[in-house]
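K.L.:
Quick note, the sequences are listed as chains Z and B, same order.
Okay, so the first sequence: first residue is 69 according to my numbering, each after it adds one.
Okay, so the second sequence: first residue is 4 according to my numbering, each after it adds one.
Backbone N, C-alpha and C define an ideal beta-carbon position, used for all residues, glycine too.
Since the model is a prediction, treat every value here as computed from it, not as a measurement.
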Amino acid sequence: MALNPKKHEMPTQDPKVRAGNFKEVALGYTAEIAVEEAERCLNCKNRPCVEACPVNIHIPEFISLMKEKKFEEAYQEISKTSALPAVCGRVCPQEKQCESKCTMGIKMEPVGIGRLERFAADYHNENCKEAPKKPVSNGHKVAIIGSGPAGLTCAGDLARNGYEVTIFEALHKAGGVLVYGIPEFRLPKTIVQKEIDNLIAMGVDVQTNVVIGRTLTIDELFNQGYEAVFVGSGAGLPNFLNIPGEDLKGVYSANEYLTRTNLMKAYANDSTTPIIKADKVCVVGGGNVAMDAARCAKRLGASHVYIVYRRSMEELPARKEEVEHAEEEGIEFKLLNNPVEIIGYENKDDKRDPRNGDVIAIKCVKMELGEPDASGRRKPIPVPGSEFEIPVDVVIVATGTSPNPLIKSTTPGLNVNDHGCLIVDENTMTTRKGVFAGGDAVTGAATVISAMGAGKQAASAIMNFIEKK
Amino acid sequence: MYKVLHRKSLKDSVTQIDVYAPLVANKAKPGQFIILRVDEDGERIPLTVAGTNKEEGTVKIIFQIVGATTEKLNHVMEGEFIADFVGPLGNPTETEGLKKVCIVGGGVGCAIALPLAQAFHEQGSNVTSIVGFRNKDLIILEDEFKAASDNMIMMTDDGSYGRKGLVTEPLKELLSSGEKFDMIIAIGPLIMMKFVVLTAKEFNAPITVSMNPIMIDGTGMCGGCRVKLIKDGKAVTKFACVDGPDFNGYEIDFDSSMERAVTYKEYEKHAYDEACNLFKKEVV
Numbered sequence: 069m070a071l072n073p074k075k076h077e078m079p080t081q082d083p084k085v086r087a088g089n090f091k092e093v094a095l096g097y098t099a100e101i102a103v104e105e106a107e108r109c110l111n112c113k114n115r116p117c118v119e120a121c122p123v124n125i126h127i128p129e130f131i132s133l134m135k136e137k138k139f140e141e142a143y144q145e146i147s148k149t150s151a152l153p154a155v156c157g158r159v160c161p162q163e164k165q166c167e168s169k170c171t172m173g174i175k176m177e178p179v180g181i182g183r184l185e186r187f188a189a190d191y192h193n194e195n196c197k198e199a200p201k202k203p204v205s206n207g208h209k210v211a212i213i214g215s216g217p218a219g220l221t222c223a224g225d226l227a228r229n230g231y232e233v234t235i236f237e238a239l240h241k242a243g244g245v246l247v248y249g250i251p252e253f254r255l256p257k258t259i260v261q262k263e264i265d266n267l268i269a270m271g272v273d274v275q276t277n278v279v280i281g282r283t284l285t286i287d288e289l290f291n292q293g294y295e296a297v298f299v300g301s302g303a304g305l306p307n308f309l310n311i312p313g314e315d316l317k318g319v320y321s322a323n324e325y326l327t328r329t330n331l332m333k334a335y336a337n338d339s340t341t342p343i344i345k346a347d348k349v350c351v352v353g354g355g356n357v358a359m360d361a362a363r364c365a366k367r368l369g370a371s372h373v374y375i376v377y378r379r380s381m382e383e384l385p386a387r388k389e390e391v392e393h394a395e396e397e398g399i400e401f402k403l404l405n406n407p408v409e410i411i412g413y414e415n416k417d418d419k420r421d422p423r424n425g426d427v428i429a430i431k432c433v434k435m436e437l438g439e440p441d442a443s444g445r446r447k448p449i450p451v452p453g454s455e456f457e458i459p460v461d462v463v464i465v466a467t468g469t470s471p472n473p474l475i476k477s478t479t480p481g482l483n484v485n486d487h488g489c490l491i492v493d494e495n496t497m498t499t500r501k502g503v504f505a506g507g508d509a510v511t512g513a514a515t516v517i518s519a520m521g522a523g524k525q526a527a528s529a530i531m532n533f534i535e536k537k
Numbered sequence: 004m005y006k007v008l009h010r011k012s013l014k015d016s017v018t019q020i021d022v023y024a025p026l027v028a029n030k031a032k033p034g035q036f037i038i039l040r041v042d043e044d045g046e047r048i049p050l051t052v053a054g055t056n057k058e059e060g061t062v063k064i065i066f067q068i069v070g071a072t073t074e075k076l077n078h079v080m081e082g083e084f085i086a087d088f089v090g091p092l093g094n095p096t097e098t099e100g101l102k103k104v105c106i107v108g109g110g111v112g113c114a115i116a117l118p119l120a121q122a123f124h125e126q127g128s129n130v131t132s133i134v135g136f137r138n139k140d141l142i143i144l145e146d147e148f149k150a151a152s153d154n155m156i157m158m159t160d161d162g163s164y165g166r167k168g169l170v171t172e173p174l175k176e177l178l179s180s181g182e183k184f185d186m187i188i189a190i191g192p193l194i195m196m197k198f199v200v201l202t203a204k205e206f207n208a209p210i211t212v213s214m215n216p217i218m219i220d221g222t223g224m225c226g227g228c229r230v231k232l233i234k235d236g237k238a239v240t241k242f243a244c245v246d247g248p249d250f251n252g253y254e255i256d257f258d259s260s261m262e263r264a265v266t267y268k269e270y271e272k273h274a275y276d277e278a279c280n281l282f283k284k285e286v287v
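1. Going straight from the alpha carbon of B:Lys183 to that of Z:Asp315, what length do you get?
2. Return yes when the Cβ of B:Asp21 is within less than 9 Å of the Cβ of B:Lys75, no when it is not.
3. On the DSSP bridge assignment, give the partners of B:Met186 in chain order.
4. Do B:Val200 and B:Ile143 come within 9 Å of each other at the CB atom, strictly closer than that value?
5. Assuming B:Gly247 and B:Gly112 make a contact with CB atoms under 8 Å, what is their CB distance in whole Å?
6. Touching or not, the region 204-213 of chain B and the region 445-452 of chain Z, by the rule of three or more beta carbon pairs under 8 Å?
7. If contact is defined by three or more beta carbon pairs under 8 Å, each pair taking one atom from either stretch, is the region 28-48 of chain B in contact with the region 79-93 of chain B?
8. Establish whether the CB of Z:His240 and some CB of chain B are separated by less than 9 Å.
9. Drop a sphere of 10 angstroms on the beta-carbon of B:Val287, count the other beta-carbons inside from all chains shown, and report buried for 16 or more, exposed for fewer.
10. Find out if the Cβ-Cβ distance for the pair Z:Leu403, Z:Arg367 is shorter than 9 Å.
11. Listing by chain order, which chain Z residues have their CB less than 7 Å from the CB of B:Phe136?
12. Applying the 10 Å Cβ sphere with the 16-neighbour rule, what's the burial state of B:Val170?
13. Indicate whether B:Thr73 and Z:Thr340 have their beta-carbon atoms separated by less than 9 Å.
14. Does DSSP classify B:Met155 as helix, strand or coil?
15. Short check: CB of Z:Tyr377 to CB of Z:Glu400, under 9 Å?
16. Please go through the region 164-208 of chain B and give each complete alpha helix (DSSP H) segment of 4 or more residues, from N-terminal end onward.
17. Enumerated in chain order, which unbroken segments of the alpha helix (DSSP H) with a length of 4 residues or greater are wholly contained in the region 102-159 of chain Z?
18. Check the C-beta distance from Z:Ile491 over to Z:Val460 and give it rounded, since I have them as a contact under 8 Å.
19. Flag this pair as touching only if the region 131-142 of chain Z and the region 231-248 of chain Z have three or more C-beta atom pairs under 8 Å; answer yes or no.
20. Apart from the five residues on each side of it in sequence, which residues of its chain come closer than 6 Å, Cβ to Cβ, to B:Leu48?
21. Per the contact definition of three or more C-beta pairs closer than 8 Å, is the region 480-488 of chain Z in contact with the region 409-421 of chain Z?
22. Comparing the C-beta of Z:Met332 with each C-beta of chain B, is any distance below 9 Å?
23. Residues of chain B with a CB under 8 Å from the CB of Z:Lys197: which are they?
24. I'd like to know if Z:Asn424 contacts chain B, where contact means its C-beta is closer than 9 Å to some C-beta of that chain.
25. By the three-class DSSP mapping on this structure, what secondary structure does Z:Gln525 have?
26. Under 7 Å between beta-carbons, which chain Z residues line up against B:Cys225? List them in chain order, please.
27. Give me the Cα-Cα distance between Z:Asn356 and Z:Thr221, rounded to the nearest whole angstrom.
28. Quick one: is B:Glu81 near chain Z, going by C-beta distance under 9 Å?
29. Curious, which full-length beta strand (DSSP E) runs of at least 3 residues does the region 214-278 of chain Z contain?
30. Applying a beta-carbon distance threshold of less than 9 Å, which residues of chain B neighbour Z:Asp315?
31. Check whether the Cβ of Z:Thr149 lies closer than 9 Å to any Cβ atom in chain B.
32. To be precise: take each residue of the region 93-121 of chain B, compare its Cβ to all Cβ atoms of chain Z, and keep it if any distance is under 9 Å. Which residues remain?
33. Can you pull the chain B residues whose beta carbon is under 8 Å from the beta carbon of Z:Asn472, in chain order?
34. Whose CA, out of Z:Ala529, Z:Val516, Z:Ala227, lies closest to the CA of Z:Thr496?
35. Less than 9 Å between the C-beta atoms of Z:Val433 and Z:Asn415, yes or no?
Below, the structure written as structure tokens:
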């Protein structure tokens, strides 16, 4: 049988329909498609895909099991190294990781590893109702700060090995960026909850509403008998553009807009969460977070949603799939433009006019690409005199985050670099003995899977640290 | 879930509750705040800590019914529970080294100003309190303020109790007469704080204001609580939850904060009416 040169297409909701709802966009392979796609794997000897995965999932092994329709076994194989298969199958940038190294990809399209992973995980969630068993405790206590991908992965690995793990979460709900940031239509919250329920079944204690650095300090955790602490507190403070008009009423950080929409469920009809339902929305930035915010705005009823980004489509950092989905849903890309001012309504005759301070437009300047800069990308340069305005009612700033200073400032001996990111050694230990860290708190804003990779590495370093004590 | 151990109605629209949250009670200092949700899927609202009882493990909150969430909170009775309660958030007010202070409180802001007056009083500082209310019916915590102050001046807008006028008037008189305070601390509506700052400015008196903007997480994630400061003529963005809530009064762009504070006014009014209707139905 000749090999299909192309990856099997992912069935998706019709773009016109989905732009009006928050249901999942990608519907997942059927069992038939999954087996056919699995057949495309050559099961090659050098397994470059495994090396390219931050948590080294046993990819050829699980795909071989899928060829035999052993879907549950395939899931178990993935679970040996990954704590969150159903999440990774959906949000990992496989095209930059496992699939980018796939041998098939040299001459044809690579195997759809992410899609197969998702199928195996969904199959398990659908068919296996049995909660994981609680391992026998080894009596060692570890505290995890933050319940995002880094914290959940670290907790999972430690719990599986008998450690008594407590996760401290600042918000009222566990899951970190998986629940407040990534929208329902990309990652249904029931999937995240299921992963958290599994950890709880394994004996992990999840304490919400605890802000480490305020409610408790790291020193107090050590006093309470925790032998090691893992900091997976995430990226932190949103960046703004430092242009006039940023304090206007309709200007949101992507974090705030997404949190209102996702965690606080502003999308639900009966929600009590306020959010400005705008007709025209401008999102500034070109990453996955920008795409998420734009697509949420569309679903909340905006007739026009613009993405303003200062470089061109080639440099756009978002996943290709997300950009395509956004385009299909009618998001309008205004590339090679840079915002210089956000313009607000001002009634000079009536200071009490309630519309005062509402956003009415964003002023941009056109850009052209010059010589490559330090990042290797061509540097955007403003075109003099090319300023123009786009009429909008809401501006969402999605230009990254800077680390949260809270834990650093309340923990003596914890050092950060010039960017404010926690400094760790090759074993993920910070400058404070027994305190480990990983994810965005260390790297700055990055991906779910790289945070998971760091959580995994930290778990093994913590076990090593405690055993040697 | 967090249990309401005590509940007391101070006025028709102002209620005091003590919530069992020992970790928060253990840490909270004057000037800090908490965030709560009344029920599952409810809004997260920031409220300033009005006091703590470490032995009992409770945190005192005094709130005015201004919207749907505070209306719902007002229906939580003694022995009942609220869904979430997290804190203490923000930085405590600086009290060290301040020997003579003037605390200016307006309306329900006085509930937040009181623990501060008490903290200064306990550390032996000389405390002048100027507290203002719209009218006699809205006055809260008068005795408590008296007990914590060396000099207390009660003001009402309409003169129905105490002195008639705004809190800025006695402040101006004191400063004119040559009173020197190590710090003036203003807590209340934005418009009041704006004018207290303008009054202090005439005398170049140092002043701290406590900002209470809209926020969600309270830990520095959402950026909703940003406050525009003007430092050396340049606009600087700060976050009330991690950089505040106290700021140098001279640096705040109050007009910007006032505009941002009413972002959801229409929405809130609608939600409030709905919540009230719901409770009316329950009563019937």
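P.N.:
Taking the structure as given:
1. Position 180 of the second sequence holds residue 183 of chain B. Position 247 of the first sequence holds residue 315 of chain Z. If you take the alpha carbons of B:Lys183 and Z:Asp315, they lie about 35 Å apart.
2. Counting from 1 along the second sequence, the entry for residue 75 of chain B is found at position 72. Counting from 1 along the second sequence, the entry for residue 21 of chain B is found at position 18. No Cβ-Cβ contact shorter than 9 Å links B:Lys75 with B:Asp21.
3. If you number the second sequence from 1, residue 186 of chain B lands on position 183. For B:Met186, which the question treats as bridged, DSSP gives the partners B:Val104.
4. Counted from its first residue, the second sequence places residue 143 of chain B at position 140. Counted from its first residue, the second sequence places residue 200 of chain B at position 197. Between B:Ile143 and B:Val200, the C-beta gap is not smaller than 9 Å, which leaves the two residues out of contact.
5. The residue you call residue 247 of chain B lines up with position 244 of the second sequence. The residue you call residue 112 of chain B lines up with position 109 of the second sequence. In this structure B:Gly247 is not in contact with B:Gly112, their Cβ atoms being roughly 15 Å apart against a cut-off of 8 Å.
6. Between the region 204-213 of chain B and the region 445-452 of chain Z, the count of C-beta pairs closer than 8 Å stays below three; the two stretches do not touch.
7. Contact annotation: the region 79-93 of chain B touches the region 28-48 of chain B, with at least three C-beta pairs closer than 8 Å.
8. Numbered from 1 along the first sequence, position 172 holds the residue referred to as residue 240 of chain Z. Yes, its Cβ sits closer than 9 Å to a Cβ of chain B.
9. Numbered from its first residue, the second sequence carries residue 287 of chain B at position 284. In this prediction, B:Val287 has a pLDDT of 41, which is less than 50 and means its spatial position is unreliable; nothing more can be read from the coordinates.
10. Taking the first residue of the first sequence as 1, we reach residue 403 of chain Z at position 335. Taking the first residue of the first sequence as 1, we reach residue 367 of chain Z at position 299. Taking 9 Å as the Cβ cut-off, Z:Leu403 and Z:Arg367 do not qualify as a contacting pair.
11. Here residue 136 of chain B refers to the residue found at position 133 when the second sequence is read from its first residue. Near B:Phe136 there are no residues of chain Z at all, since even the closest Cβ is about 23 Å away, more than 7 Å.
12. As a working mapping, residue 170 of chain B is identified with position 167 in the second sequence. Burial is judged here by how many other beta carbons sit within 10 angstroms of a residue's own beta carbon; B:Val170 has at least 16 and is buried.
13. Mapped onto the second sequence, residue 73 of chain B falls at position 70. Mapped onto the first sequence, residue 340 of chain Z falls at position 272. For the 9 Å CB-CB criterion, B:Thr73 and Z:Thr340 do not form a contact.
14. The residue given as residue 155 of chain B occupies position 152 in the second sequence. Collapsing the DSSP output to three states places B:Met155 in a strand.
15. For the purposes of this step, residue 377 of chain Z is taken as residue 309 along the first sequence, with counting starting at 1. For the purposes of this step, residue 400 of chain Z is taken as residue 332 along the first sequence, with counting starting at 1. No, Cβ-Cβ distance for Z:Tyr377 and Z:Glu400 is not below 9 Å.
16. For the region 164-208 of chain B, whole alpha helix (DSSP H) runs of length 4 or above, ordered along the chain, are 171-179, 193-205.
17. Qualifying alpha helix (DSSP H) stretches, in chain order: 116-119, 127-135, 139-147, 153-159.
18. Working through the first sequence from its first residue, we reach residue 491 of chain Z at position 423. Working through the first sequence from its first residue, we reach residue 460 of chain Z at position 392. About 40 Å separates the beta carbon of Z:Ile491 from that of Z:Val460, a gap too long to meet the 8 Å contact definition.
19. In short, these stretches do not touch, since the Cβ pair count stays below three.
20. Here residue 48 of chain B refers to the residue found at position 45 of the second sequence. First, the residue type needs correcting, since residue 48 of chain B is Ile and not Leu in the sequence shown. Counting only Cβ-Cβ distances below 6 Å, and skipping sequence neighbours, we find Thr72.
21. Contact check between the region 409-421 of chain Z and the region 480-488 of chain Z: fewer than three CB pairs, one atom from each, fall below 8 Å, which does not count as touching.
22. Here residue 332 of chain Z is taken as the residue at index 264 of the first sequence, counted from 1. Proximity of Z:Met332 to chain B, defined by a Cβ-Cβ separation below 9 Å, is satisfied.
23. Residue 197 of chain Z sits at position 129 when you count from the first residue of the first sequence. What Z:Lys197 touches in chain B: nothing, since even the nearest Cβ is about 25 Å away.
24. Taking the first sequence and counting its residues from 1, the one referred to as residue 424 of chain Z is at position 356. Chain B, which has a Cβ nearer than 9 Å to the Cβ of Z:Asn424, makes this yes.
25. Residue numbering aside, residue 525 of chain Z sits at position 457 when the first sequence is read from its first letter. Of the three classes helix, strand and coil, the one that applies to Z:Gln525 here is helix, per DSSP.
26. The residue you call residue 225 of chain B lines up with position 222 of the second sequence. Under the 7 Å cutoff, chain Z gives Ser321, Asn323, Glu324, Thr327.
27. One-based indexing of the first sequence puts residue 356 of chain Z at position 288. One-based indexing of the first sequence puts residue 221 of chain Z at position 153. The straight-line gap from Cα to Cα measures roughly 22 Å.
28. Translated into positions along the second sequence, residue 81 of chain B becomes position 78. Chain Z, which has no Cβ nearer than 9 Å to the Cβ of B:Glu81, makes this no.
29. With a minimum length of 3 residues, the continuous beta strand (DSSP E) runs that stay inside the region 214-278 of chain Z are 232-236, 273-275.
30. As a position in the first sequence, residue 315 of chain Z is number 247, starting the count at 1. Chain-order list of chain B residues neighbouring Z:Asp315: Arg229, Val230, Lys231, Ala238, Thr240, Asp256, Ser259, Ser260, Glu262, Arg263, by C-beta distance under 9 Å.
31. Along the first sequence, read from residue 1 onward, the residue named residue 149 of chain Z stands at position 81. Output row for Z:Thr149: interface = no.
32. Cβ contacts with chain Z: Gly93.
33. The residue labelled residue 472 of chain Z in the question sits at position 404 within the first sequence. Going along chain B in sequence order, the residues near Z:Asn472 (Cβ under 8 Å) are Thr222, Gly223, Met224, Val245.
34. Stepping through the first sequence from its first residue, residue 496 of chain Z is reached at position 428. Out of Z:Ala529, Z:Val516, Z:Ala227, Z:Ala529 has the C-alpha closest to the C-alpha of Z:Thr496.
35. Locating residue 433 of chain Z in the first sequence gives position 365, where the first residue counts as 1. Locating residue 415 of chain Z in the first sequence gives position 347, where the first residue counts as 1. Contact: no.
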